[in-house]
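Have a look at the structure below before the remarks.
Below, the structure is given as structure tokens:
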């Protein structure tokens, strides 16, 4: 089944209202330096499970939402944390209008109706959840809901599984390597990196009102040094394009560059006094005469 076939005149693309509401709308364009979007599209056309790996802020979720919008397909998403349990994925019984009803979770809904299922931060998933994912990813394409009368759901031909994670080697809290059994179920693994300086400058300039490229260039230098500091374990979170956009928006309101960095860069990326002082030093050195 071609996923690129638009919904016009295609009755098989009709979704229940509660599922159709997850079709992304008005998603900003994804600035695609690495042909990531086309690579993922090709993988999905082949029926492959796709794993996207990249640091925080590289646009992993953005690109999936853009694909959902272009294909007119709902994106049913779970963002895994250490507290995510099986009921968050599969479903649960809930009291509705004085009656106990089974409420399907995002994974069985995606399989039943043929949508994109997006497993964000999949390497934070607990082992009991991972074991439930295996038959949904291999050639069985099936899910047995033992919690609901042993219901067997066979996946719709259009169902696709996309996952994303941060690189384990960068030491994000709570992350762990994927088990070999889970990793081999992804036929394609795509790495996404931060955009080049020129591209990042263009993104920030477009999405903020700050047009002074000399200021923007120094902000990007701050971000790159902050990213290296994160890789070295000095600060908790890498600086993202979103951090830079927020910083630029405050500067465009005539808030001094260094003052604006406190709310948008320092407190967003640092979780200790020492790391905040470290990043303040970088910002003051690079932006001292602005």
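Numbering (the numbering used here), first residue to last: 2 to 291. For each residue, glycine too, the CB sits at the ideal point set by N, CA and C.
**Asked** Can you give, in chain order, each stretch of the beta strand (DSSP E) that sits fully within the segment 115-140 and has at least 3 residues?
**Response** 117-121
**Prompt:** Are the beta-carbon atoms belonging to residue 41 and residue 51 less than 7 Å from one another?
**Reply:** Yes, they are a contact pair.
**Prompt:** To the nearest whole angstrom, what separates the beta carbons of residue 240 and residue 227, a pair I think is in contact under 8 Å?
**Reply:** Cβ-Cβ separation between residue 240 and residue 227: approximately 4 Å, consistent with a contact (criterion under 8 Å).
**Prompt:** Is it right to say residue 185 is buried, meaning 16 or more other beta carbons lie within 10 angstroms of its own, or is it exposed?
**Reply:** Around the C-beta of residue 185, fewer than 16 other C-beta atoms lie within 10 Å, and the residue is accordingly described as exposed.
**Item:** Cβ separation of residue 119 and residue 163, assumed to be a contact under 8 Å, to the nearest whole Å
**Value:** 5 Å
**Message:** Distance check for residue 88 and residue 55, CA to CA, integer angstroms please.
**Reply:** 28 Å
**Message:** Does residue 78 come out as helix, strand or coil in the three-state DSSP assignment?
**Reply:** strand
**Asked** Can you tell me the Cα-Cα spacing of residue 234 and residue 37, whole angstroms?
**Response** Taken atom to atom, the span from the alpha-carbon of residue 234 to that of residue 37 is near 28 Å.
**Asked** Quick one: any contact between the segment 248-262 and the segment 202-210, if contact means 3 or more CB pairs under 8 Å?
**Response** yes
**Asked** Which term fits residue 135, buried or exposed, when burial requires 16 or more other beta carbons within 10 angstroms of its beta carbon?
**Response** exposed
**Prompt:** Would you call the segment 87-107 and the segment 145-160 touching, i.e. three or more CB-CB distances under 8 Å?
**Reply:** Yes, they touch.
**Asked** Going by the beta-carbon positions, is the gap between residue 69 and residue 117 smaller than 7 Å?
**Response** yes
**Request:** Spell out the partners DSSP gives residue 52 in its beta bridges.
**Result:** 164, 190
**Request:** Determine the direct distance from the alpha carbon of residue 281 to that of residue 170, and round the result to whole angstroms.
**Result:** Approximately 26 Å between the Cα atoms of the pair.
**Message:** By DSSP's criteria, residue 146 is part of a beta bridge. Which residues make up the other side?
**Reply:** 152
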